[in-house]
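Residue numbers (the numbering used here): -17 to 228.
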């Protein structure tokens, strides 16, 4: 009898943008991961999990010493449906306790088919209750605006005017839909684009920082290191070495 594959996985390096024909649940245990999938681009951490739909293009980059509970969804269920898009999961305290229990079971016990099946069912039950509501069209408009103008200085009031909302309304609805604040999303877009440029361009790190909207190289390097666990120069060197040995 077939069951969904459930594993503990760490993500240490940048992945190329890719997709697979099965869905995935990615649930945090420790550390964090920068992720781009569907309408979400942000950090998966203690309070945020993610459902990745089949054939959905996504890319990620893990922080140092991260660990995630990952389910490769083979069996059709309430998530695995053509109409269900990739989405974030705002994890409840009960879901987080179940994730920690599953971590302990996988790390310290011999695998058992029936226990695996039961844990699968429980995780999907709790994850279904954690899934975010259908994307707010005005927030998708705000996201699209940031995606186009991410190299500009972070200014939430400019986006609020585009959406005919107050700053407080936009920030609240953006966080509810996207699972992260607007400023965080904006800065993550800058950093993700900077990572691509670090591989694609031969230019200096300072010029790349300027291109994505940072006027101060130390501020760029500090933020990059905080999010990805290594400096821009270290990341560039590791990424280029990985490409050479791929």
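We treat Cβ as the ideally placed atom computed from N, Cα and C, and that holds for glycine.
| Asked | Found |
| --- | --- |
| Taking only runs that begin and end inside the region 125 to 152, name each unbroken alpha helix (DSSP H) of 4 or more residues, in chain order. | 138 to 145 |
| Buried or exposed: where does residue 7 fall if 16 or more other Cβ atoms within 10 Å of its Cβ makes it buried? | buried |
| Work out the CA separation of residue 210 and residue 105 for me, nearest whole Å. | 28 Å |
| Among 38, 11, 130, which one has its Cα closest to the Cα of residue 175? | 130 |
| Which of the three DSSP states is assigned to residue -7 in this structure? | coil |
| Assign residue 119 to buried or exposed, taking buried as 16 or more other Cβ atoms, counted over all protein chains shown, within 10 Å of its Cβ. | exposed |
| Using 7 Å as the threshold, is the C-beta distance between residue 213 and residue 207 below it? | yes |
| Would you list the one or two residues that DSSP bridges to residue 5? | 55 |
| Which residues does DSSP pair with residue -13 in a beta bridge? | 54 |
| What residues in its chain sit with their C-beta under 7 Å from that of residue 200, if we drop five residues either side in the sequence? | none |
| Please check the pair residue 165 and residue 194, which I expect to be a contact at CB under 8 Å, by giving their CB distance rounded to whole angstroms. | Contact flag wrong, Cβ pair sits at about 15 Å. |
| Can you tell me where the alpha helix (DSSP H) holding residue 198 begins and where it ends? | Looking at the DSSP string, residue 198 is not in any alpha helix (DSSP H), and its letter there is neither H nor E. |
| Name the residue from 90, 25, 0 whose alpha carbon lies nearest to the alpha carbon of residue 35. | 0 |
| Report yes if the CB atom of residue 168 is closer than 7 Å to the CB atom of residue 144, and no otherwise. | no |
| Given a threshold of 16 other Cβ atoms within 10 Å of its Cβ, counted over all protein chains shown, does residue 14 qualify as buried or as exposed? | buried |
| On the criterion of 16 or more Cβ atoms from any shown chain inside 10 Å, does residue 219 qualify as buried, or is it exposed? | exposed |
| Sort 186, -12, 38, 11 by Cα distance to residue 96 and report the nearest one. | -12 |
| Confirm, please, whether the CB-CB distance from residue 101 to residue 84 is below 7 Å. | yes |
| I'd like the span of the alpha helix (DSSP H) that includes residue 105, first residue to last. | 95 to 112 |
| Of all the options 108, 217, 162, which has the alpha carbon lying nearest to the alpha carbon of residue 181? | 217 |
| Could you give the first and the last residue of the continuous alpha helix (DSSP H) run that contains residue 173? | 164 to 182 |
| In this structure, what does DSSP give as the bridge partners for residue 10? | 50 |
| Whose C-alpha, out of 48, 141, 11, is nearest the C-alpha of residue 79? | 11 |
| Assuming contact is defined by CB atoms lying nearer than 7 Å, are residue 9 and residue 121 in contact in what I supplied? | no |
| Tell me whether residue 91 sits in a helix, a strand or coil according to DSSP, three-state version. | coil |
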